Each structure stands twice: as C-alpha cells, then as structure tokens.
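**Q** Chains as they are written, first to last, in this note's numbering: chain A, 32 to 175; chain B, 32 to 175. For each residue, glycine too, the CB sits at the ideal point set by N, CA and C. In this text the structure is predicted, and so the values were computed from the model without any measurement.
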DNA sequence: TTAGTTTCTGAATGTCAATTTCAATTTTCC
DNA sequence: GGAAAATTGAAATTGACATTCAGAAACTAA
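#1: Closer than 8 Å is the cut-off here; do at least three beta carbon pairs connect the region 129-145 of chain B with the region 120-130 of chain A?
#2: Closer than 7 Å, Cβ to any Cβ of chain B: which residues of the region 111-141 of chain A, in chain order?
#3: Cα-Cα, which of A:165, A:174, A:157 is closest to residue 169 of chain B?
#4: Name the chain B residues that come within less than 9 Å of residue 105 of chain A, Cβ to Cβ?
#5: If you scan the region 75-156 of chain A from start to end, which runs of the alpha helix (DSSP H) of 4 or more residues do you find wholly inside it?
#6: Hey, out of B:40, B:159, B:167, B:67, whose CA is closest to residue 111 of chain B's CA?
#7: Residue 168 of chain A touches chain B at which residues, Cβ-Cβ below 9 Å?
#8: Pull the bridge partners of residue 44 of chain B from the DSSP assignment, please.
#9: Can you give me, in chain order, the residues of the region 85-98 of chain B that have a beta carbon less than 7 Å from any beta carbon in chain A?
#10: Per DSSP, residue 160 of chain A is paired with what?
#11: How is residue 66 of chain A classed by DSSP in three states: helix, strand or coil?
#12: Rounded to a whole number of angstroms, what is the C-alpha to C-alpha distance between residue 83 of chain B and residue 62 of chain B?
#13: Specify the secondary structure class of residue 51 of chain B as computed by DSSP and reduced to three states.
#14: Kindly list, in the order they appear in chain B, the residues whose Cβ is closer than 9 Å to that of residue 172 of chain A.
#15: So, helix, strand or coil for residue 175 of chain A, using DSSP?
#16: How should residue 124 of chain B be labelled, buried or exposed, when 16 other C-beta atoms within 10 angstroms of its C-beta is the threshold for buried?
#17: Anyone know if the C-beta pair for residue 162 of chain B and residue 162 of chain A falls short of 8 Å?
#18: At a Cβ threshold of 8 Å, is residue 108 of chain A touching chain B?
#19: Counting only beta-carbon atoms, is residue 150 of chain A nearer than 8 Å to chain B?
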C-alpha cells in the first residue's frame, strides 16, 4: 500500500497535479480494501462518511489511478467497470460467480505460457490479456 | 449454416415466435459472413439493400440469436457488443489487435484443461469463460 | 502572509450504445 | 376473410461514463 501511494505521488508530481483531501481520501479507501469496486460502489461507500463528495470526483480519481498504474480496470460484462488495486508483479485472472457475484483471483503460469505460444504461432505480440471463468462458486454450488 | 437455421427455427417455434421476412434476412446476413458484427455494423450493412429496416429490429434479432444459442455475444471493451455465429462444438477464443481491430480466433485445448484444473482447485464450476489476448497482429507489428 | 495562477471539485449536462415504448403492420390460425 | 397475437421501426428512455463550468482550494513566488 505504501508503495502504491509512492507510485501515485510520483505520477501525480509528473503530471503536475495538486494534492487534495478528496483524492487522498479516495486513494486510501480504494487501497484499504480487497474489493473490486465500481465507481458507484466506492462512491456510495465514501458518501457515508463524506456526504459532500461527488460521483465525478470518485470517477476521475479511479481513472487517474489506472493511468498511474496503481489500479486495473476490470470488465466482467455486467455493464459496470470495476477497479482493482494493482500490486506490482502480482498479475492474476478471475473466477466470477454468476450467482452471488463473488470474485476470486487465480494465477496459472502454465496458462500464461501457452498463451504466449498461441500468440507466437500467429505472429501476434501480446500487450495484455483478459481471462475470466464464469460459473458457480463453491458456496453457490452447495446452495444450488 | 443449415444446422444453425434449423436450431433457430426450433427455438423460435418453442418460443411461439412468428416468421418474418426481416428476421430471416437478418439471420442470413448474420450467418453468411465470418465477421464479428456489432448491431451497428450489421444494421449499416443491411440498410444498403433494405433501407427500411430498423436498428431495433436488428438489435432484437441478434439478442434472440444469442438466446437461441446460435450466436455468442463478445465484448472486446471498445463499447460495442459484437455477435459471432456459433458453430456447435467449435469453441474458440480471440486475439484482438489493438491497432487495426482485426480479430483472429484461436483454440488451445491445453489451456481449457488447465482452466478446469484451476476451477476444480477452487471448488468452482465453470459455465463459460472469456479469454482474449490484446496486442499487435503480425501486420501491425510490421507497420510498427 | 498574500496576491496571483493553476488545478480541483461537484452539480449539472452531454454522450453513446443498449433497450423499451407504442401505434401501425404483418403473420398465423380458424 | 377476419380476429388474435406477435413484429416492426421511429422515437423516447435508460444507464454508465465522460465533460463542462463556476466557485473553491492548492500551490508559487515575492
């Protein structure tokens, strides 16, 4: 978390951005939870203690975090973009429960390797990828 | 293609839908091309020869095809949903060029297998998945 | 500290694709 | 042919994201 704040501050400095209490607030709330927040989610959470904060401010901050490389934008196809704090070197993909919406992370180097092979076969250079498995999580299978 | 029309007709019958010239037209245009159409794309293409056709009609037809299992909805994160004809048993994933937008299909059973292993480790039951590699296609690397 | 400059905030508004509405039309079935 | 039901397509609505703008706050230099 300290690393991420440092990275963000450096990025903000480079961009000539000012320090504002709102941005600090949003950054801390964002980093302090393992959640996969949509703008809406984080906005509603922050409003509880900071009723004056604006949706646009939260939205701009999250986009900024993504630009600075301390957040990744996720799209699980439900019409809402989610943001996840990015810990350097901790790439992972997601298991998304279609029943309860829970999100679990996974990482499988052998898949990444095969991906590279596939790309190489097509003369394709991978910049990024998206790999999501949708289905029922262990809890929802039980309830099934 | 005949299979898909048969599947669709059966699905339409079950749903108590009527046969209309527009839907037939849209279905044929959709199946007759390997493209990954957005509603907009297909609408514009159809309008050339059928100026009276409506956007909503095309949109409804494509959603219906997806419901009937002869099309899959794709979202490459560019703000437009694309539809691809689904040939039974021919699952594949996509390489998406971020430069020219070209879409190439790939299939790698070993990745599918590893996916299942990952899911099993988490007690997760996969219903569907999404796996996309974004980057530069061979043509765009050359132009680079 | 203070004046001056620049950025930021937040309410409101704009944008864009997806979706819905509804009156007119078409299909289906008797 | 005619009634009932579904479909069409223009227009309006929705919903998420993005932008605008006037006032507020943060920096900068003297």
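**A** For this structure:
#1: no
#2: 126, 129, 135, 137, 139, 141
#3: Here residue 169 of chain B refers to the residue found at position 138 of the second chain. Checked all of A:165, A:174, A:157; the closest Cα to residue 169 of chain B is A:157.
#4: What you label residue 105 of chain A is simply residue 74 of the first chain in a count that begins at 1. The premise fails here: residue 105 of chain A is roughly 10 Å from chain B at the closest Cβ pair, so nothing lies under 9 Å.
#5: 86-98, 140-152
#6: For the purposes of this step, residue 111 of chain B is identified with residue 80 of the second chain, where counting begins at 1. Cα-wise, what sits closest to residue 111 of chain B is B:67.
#7: Position 137 of the first chain, counted from the first residue, corresponds to residue 168 of chain A. Correct list: 153, 154, 155, 156.
#8: Walking along the second chain from the start, residue 44 of chain B turns up at place 13. Residue 44 of chain B is not bridged to any residue.
#9: So nothing in the stretch comes that close.
#10: Counted from its first residue, the first chain places residue 160 of chain A at position 129. Beta-bridge annotation (DSSP): residue 160 of chain A is paired with B:164.
#11: Position 35 of the first chain, counted from the first residue, corresponds to residue 66 of chain A. Looking at residue 66 of chain A - three-state DSSP - the assignment turns out to be coil, as it is neither helix nor strand.
#12: Position 52 of the second chain holds residue 83 of chain B. Position 31 of the second chain holds residue 62 of chain B. Computed Cα separation, rounded: 21 Å.
#13: Locating residue 51 of chain B in the second chain gives position 20, where the first residue counts as 1. In this structure, residue 51 of chain B counts as coil in the three-state DSSP scheme.
#14: To locate residue 172 of chain A, count along the first chain from 1; it is residue 141. Per Cβ cutoff of 9 Å: 154, 155, 156.
#15: Counting from 1 along the first chain, the entry for residue 175 of chain A is found at position 144. In the structure shown, residue 175 of chain A falls within a coil segment according to DSSP collapsed to helix, strand and coil.
#16: For the purposes of this step, residue 124 of chain B is taken as the residue at position 93 of the second chain. Answer is buried; the Cβ neighbour count reaches 16.
#17: Working through the second chain from its first residue, we reach residue 162 of chain B at position 131. Working through the first chain from its first residue, we reach residue 162 of chain A at position 131. Against a cut-off of 8 Å, the Cβ pair of residue 162 of chain A and residue 162 of chain B comes out as a contact.
#18: Residue numbering aside, residue 108 of chain A sits at position 77 when the first chain is read from its first letter. Taking 8 Å as the threshold, the shortest C-beta distance from residue 108 of chain A to chain B falls below it.
#19: Sequence index remark: in the first chain, residue 150 of chain A carries index 119 (1-based). Yes, residue 150 of chain A counts as interfacial toward chain B.
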